[in-house]
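This note's numbering numbers the first residue of the sequence shown as 93 and each following residue consecutively.
C-beta: ideal position from N, C-alpha, C; glycine also.
Bear in mind that the values here come from a model prediction, so they are computed numbers and not experimental data.
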Amino acid sequence: METAKTLESFLRAHSEEPISALKRLGGGYYADVYLVQCGKDGPTVLKAYKQAGVMQEETAQLKTLRKHAAVPMPRVLWTHEADAELPFDVLAMDFLPGTNGGAVRYFSRNKREHLAEQVVDILLRFHAAESPDGFGEIVSKTRYATFQDYYKPRAAVVLEKASKLDMPKAVFATAKSAFEQFDSIFYLPIARASLIHGDYNMWNVLVDKTACRVTAVIDPCNGCWADSEMDLYQLNNANGKQLRLLETYARKKPLSENFAQKNAFYELFTELEHYARSGVPVIKNRIEKQAKALKSFLR
Numbered sequence: 093m094e095t096a097k098t099l100e101s102f103l104r105a106h107s108e109e110p111i112s113a114l115k116r117l118g119g120g121y122y123a124d125v126y127l128v129q130c131g132k133d134g135p136t137v138l139k140a141y142k143q144a145g146v147m148q149e150e151t152a153q154l155k156t157l158r159k160h161a162a163v164p165m166p167r168v169l170w171t172h173e174a175d176a177e178l179p180f181d182v183l184a185m186d187f188l189p190g191t192n193g194g195a196v197r198y199f200s201r202n203k204r205e206h207l208a209e210q211v212v213d214i215l216l217r218f219h220a221a222e223s224p225d226g227f228g229e230i231v232s233k234t235r236y237a238t239f240q241d242y243y244k245p246r247a248a249v250v251l252e253k254a255s256k257l258d259m260p261k262a263v264f265a266t267a268k269s270a271f272e273q274f275d276s277i278f279y280l281p282i283a284r285a286s287l288i289h290g291d292y293n294m295w296n297v298l299v300d301k302t303a304c305r306v307t308a309v310i311d312p313c314n315g316c317w318a319d320s321e322m323d324l325y326q327l328n329n330a331n332g333k334q335l336r337l338l339e340t341y342a343r344k345k346p347l348s349e350n351f352a353q354k355n356a357f358y359e360l361f362t363e364l365e366h367y368a369r370s371g372v373p374v375i376k377n378r379i380e381k382q383a384k385a386l387k388s389f390l391r
């Protein structure tokens, strides 16, 4: 509530147009999200960030992903970096219509398949984009010749930070063992530095439920130039299993020989990375399930 009041006061002080009261749309690991009407300009979505640096990363990711998106993505209107007047970063975007895809349920198999085809084709369009300079963060100019050169040091940082999290010892032991076997898990070369969304699940897909049509994609997180399969564990989140998104993707683009073990590694290490960065308490039963899946592939 305090965040909303501070942000609303800031907007009123800096706008020549009438400002509506902020409406909270939701929130997540890194930001609270609000809707505001400013004069006749239409609704604007505001993200108020909880950690430094995340706004700059998401801004860069949105701008890059929009260039390759098959459907609309939010357009960055303005940004604010934390200062004495407004002590948190803010990203302002245009509002895109649609229902959160994670809440969409269809009894008709044809509708489920039709929606799944769209969701996967949008992801494949992102993955078709390739960085000629190699692998790495969108916000950074540093690039790496191989995915392993980029991702192994990143995973090492995650493991070090995970050692300080309050979670079952067995989970950390599995993560440590998996990192020690990194070269055995990632034994195949990854030829393309593909553009990934980083958080591509149905919660971040907007849908016109009546028309059974995707209207927009939102909220990239950890979007980068990477192994395209790094995006895929998210396809089973929300209602992705009901829609058979992963199966649809695999039919359109065959998965690598070592996909299963990579997928389990990506899921556990990405979740640990989120917990370490956000400071949100670890959901123990969830992280235990993810660690168990990865452990099944370890020697």
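Is residue i helix, strand or coil when you go by DSSP?
i, result
"residue 111", "strand"
"residue 127", "strand"
"residue 192", "strand"
"residue 288", "strand"
"residue 236", "strand"
"residue 168", "strand"
"residue 197", "coil"
"residue 137", "strand"
"residue 99", "helix"
"residue 336", "coil"
"residue 252", "helix"
"residue 380", "helix"
"residue 229", "strand"
"residue 386", "helix"
May I ask which residues mark the beginning and end of the beta strand (DSSP E) holding residue i?
i, result
"residue 185", "182-186"
What span of residues does the alpha helix (DSSP H) with residue i cover, start to end?
i, result
"residue 391", "Neither: residue 391 is in no alpha helix (DSSP H) and is coded neither H nor E."
"residue 159", "146-160"
"residue 201", "201-220"
"residue 365", "351-370"
Who are the near neighbours of residue i in its chain, counting only those whose CB is closer than 6 Å to its CB and skipping five residues on each side?
i, result
"residue 322", "288, 358"
"residue 95", "124, 140"
"residue 206", "304"
Go through its chain and collect everything with a Cβ distance to residue i's Cβ below 7 Å, but skip five positions before and after it.
i, result
"residue 122", "141, 142, 143, 146, 370"
"residue 312", "150, 153, 154, 157, 289, 290, 291"
"residue 191", "298, 299, 301"
Between residue i and the rest of its own chain, which residues show a CB-CB distance below 8 Å, the 5 nearest in sequence each way excluded?
i, result
"residue 73", "The shown model of the chain, from 93 to 391, leaves out residue 73, and the question about it has no answer."
"residue 279", "350"
From the beta carbon of residue i, is the nearest beta carbon of chain B less than 7 Å away?
i, result
"residue 175", "The question asks about chain B, but that chain is absent: this structure has only one protein chain."
Got a sec: does the ligand ZN put a non-hydrogen atom nearer than 6 Å to the Cβ of residue i?
i, result
"residue 114", "Of the ligands one can find in the structure shown there are none, so the ligand ZN has no counterpart to examine."
Okay, do the region 208-221 and the region 316-336 touch, 3+ Cβ pairs below 8 Å being the bar? Enough Cβ pairs lie closer than 8 Å, so yes.
Whole beta strand (DSSP E) elements within the region 268-334, 3-residue minimum: Within the region 268-334, the complete beta strand (DSSP E) runs of at least 3 residues are 286-288, 297-300, 305-309, 316-318.
Would you say the region 327-346 touches the region 300-318, given that touching needs at least three Cβ pairs under 8 Å? The region 327-346 vs the region 300-318: no contact.
For the region 184-202 against the region 164-175, are there 3 or more C-beta pairs whose distance is under 8 Å? Yes: the two stretches touch, three or more of their Cβ pairs being nearer than 8 Å.
Quick one: any contact between the region 207-214 and the region 327-341, if contact means 3 or more CB pairs under 8 Å? Yes, the region 207-214 touches the region 327-341.
With a cut-off of 8 Å, do at least 3 Cβ pairs link the region 267-287 to the region 172-181? Flag = no, the region 267-287 and the region 172-181 do not touch.
Flag this pair as touching only if the region 380-391 and the region 263-278 have three or more C-beta atom pairs under 8 Å; answer yes or no. Segments in contact, yes.
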